[in-house]
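The structure appears below as structure tokens.
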Amino acid sequence: MATPTPSKKVILSGIQPTNNLHLGNYLGAVKNWVKLQKDFHCYYMAVDLHAYTVRQDPAQLRDNTYQAIAIYIAAGLDLDHCMLFVQSHVPQHSQLAWLLNCNGYMGELSRMTQFKDKSSKAGANIPVGLFTYPLLMAADILLYDTHLVPVGDDQKQHVELTRDVAQRMNGLYGDDTFVVPEPYIAPVAARVMDLLNPTSKMSKSAVNPNGSIFLTDTPAEIDKKFKRAETDSGKDIVHDRQNKPGVSNLIDIQSALTGETIAAIEARYVGKMYGHLKMETAEIVKKELEPIQKRTQELLADKSELDRILKNGAEKAIAKAEVTLRRLHERIGFIMP
Ligand code: TRP
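Here this note's numbering is used: position 133 in the sequence shown is 123, and no number is missing along the way.
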């Protein structure tokens, strides 16, 4: 039986431990995760199995994974209130992914825009994992009877696919086999744009790293990047995403960090220059990141403590995931060990 709806809904999300996390990941995901942990039962992961759909340097993957986990904790994830773990520590993700591979269709996976996009860049040999990637994500979600999945626009299609496969399998094995999840769009979803190219999202794989503020950037680097940020023609500091994407992005960043409204920020900048906006945005970002960076370094200095935290997270995740997997095995007709 699926666990009865608990008093709190279940939220689950993951970030790939590739490259450095940037301000867009922080404001769009991590900071939001911290807010959600009070009202929901939360599972958060570093999705290293997903990262492996693209070749990774082993030492770098290891560092990035520790770093991602340290940053989540430093940013305020409370380990008494949420489950934090690394995807590969919970073998049930791979196991369920196989079963979902036998229920997802070539046609529907071929329609995933992320697959089309990534496979067109992969050259002649496209790894099969890139194609089945959304079914691994579906496994992440379905293992924990997840109700809500906080994701950005680019991942909504994968949550829709998860719903389709879950409903298909519920039709075969009973309605209480899987909880059918929904995408969760945060009320104030902060969408941070590239500083040099403010009509594109800040991205880990941007051509020019000066367009991204990495959570590991020093204060001097942060100052430099904001100083060089692309602003728009004219000189009024007003929020207008169409005509002033650069200025709007800086205002959005301030608003997401301080909670100040767009109108209040605009009012503060009447008669001021772009330079003021850039400098002050840099100050606000540095003030937010400084304590997080300090705590991240402390955590990274003690890997055995991080290992202990992750072991604990994995144990709890495994206990839940195993229940879901056994339920399905039994219904499929596998002999139970
Ligand atoms: N595919 C997501 C991304 O690239 C990461 C991810 C993996 C995820 N599993 C997930 C997100 C489960 C939400 C829920 O952003």
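For every residue, glycine included, the Cβ atom is placed at its ideal position computed from N, Cα and C.
No experiment lies behind these values; they were computed from the predicted model shown.
Distance cut-off 8 Å: residue i Cβ against heavy atoms of the ligand TRP
| i | result |
| --- | --- |
| I5 | yes |
| G265 | no |
| Y123 | yes |
| M127 | yes |
| H79 | no |
| H338 | No answer is possible for residue 338: it lies beyond the span of the chain, which begins at -9 and ends at 327. |
| G142 | yes |
| V139 | yes |
| M35 | yes |
| H40 | yes |
| Q145 | yes |
| H31 | no |
| L51 | no |
| I61 | no |
| L26 | no |
| I175 | no |
| L2 | yes |
| H148 | yes |
| D107 | no |
| D130 | yes |
As assigned by DSSP and simplified to three states, the class of residue i
| i | result |
| --- | --- |
| I116 | coil |
| V237 | helix |
| F105 | helix |
| G161 | helix |
| Y174 | strand |
| L138 | strand |
| E320 | helix |
| M263 | coil |
| D242 | helix |
| H12 | strand |
| M(-9) | Low confidence applies here, because M(-9) scores a pLDDT of 45, under 50, leaving its location unreliable; read the following figure in that light. Reduced to three states, the DSSP call for M(-9) is coil. |
| M183 | strand |
| F204 | strand |
| K28 | coil |
| D230 | strand |
| K191 | strand |
| K293 | helix |
| G66 | coil |
| A58 | helix |
| G97 | helix |
| K198 | Note that residue 198 is Asn in the sequence shown, not Lys. Residue state, collapsed to three classes: coil. |
| S(-3) | coil |
| G303 | helix |
| I131 | helix |
| P81 | coil |
| A219 | coil |
| F168 | coil |
| M269 | helix |
Buried or exposed (CB count within 10 angstroms, at least 16 for buried), residue i
| i | result |
| --- | --- |
| W330 | A question about residue 330 goes unanswered here, because the residues of the chain that appear run from -9 up to 327. |
| M35 | buried |
| I322 | exposed |
| L247 | buried |
| I175 | exposed |
| F75 | buried |
| M153 | Going by the sequence as given, residue 153 is Arg instead of Met. With 16 or more Cβ atoms within 10 Å of its Cβ, R153 is classed as buried. |
| L315 | buried |
| C92 | exposed |
| V139 | buried |
| P327 | exposed |
| P171 | buried |
| Q6 | buried |
| N10 | buried |
| M263 | exposed |
| I282 | buried |
| S202 | buried |
| P(-6) | Bear in mind that a pLDDT of 49 at P(-6), under 50, signals an unreliable position, so the number given afterwards is only what the model happens to contain. With fewer than 16 Cβ atoms within 10 Å of its Cβ, P(-6) is classed as exposed. |
| Q77 | buried |
| D207 | buried |
| D107 | exposed |
For residue i, the nearest candidate out of the options (CA to CA)
| i | options | result |
| --- | --- | --- |
| L318 | L17, A41 and A156 | A156 |
| A129 | E98, F168, A257 and Y163 | F168 |
| M96 | R218, G119, H137 and A112 | G119 |
| D29 | D68, T8, G4 and L39 | D68 |
| E320 | G164, V24 and L279 | G164 |
| G18 | G142, I227, E288 and S294 | G142 |
| K146 | N198, I131 and R158 | I131 |
| Y259 | Q287, A272 and V228 | V228 |
| K(-1) | Q104, P173, Q82 and T43 | P173 |
| I274 | I241, E295, K306 and L162 | I241 |
| P117 | A65, G94, T43 and A304 | T43 |
| L300 | T208, K214, V80 and I255 | V80 |
Contact test: residue i Cβ vs the ligand ATP heavy atom, cutoff 8 Å
| i | result |
| --- | --- |
| I5 | Of the ligands this structure carries, namely the ligand TRP, none is the ligand ATP. |
Bridge-paired residues (DSSP) for residue i
| i | result |
| --- | --- |
| Y33 | L2 and M73 |
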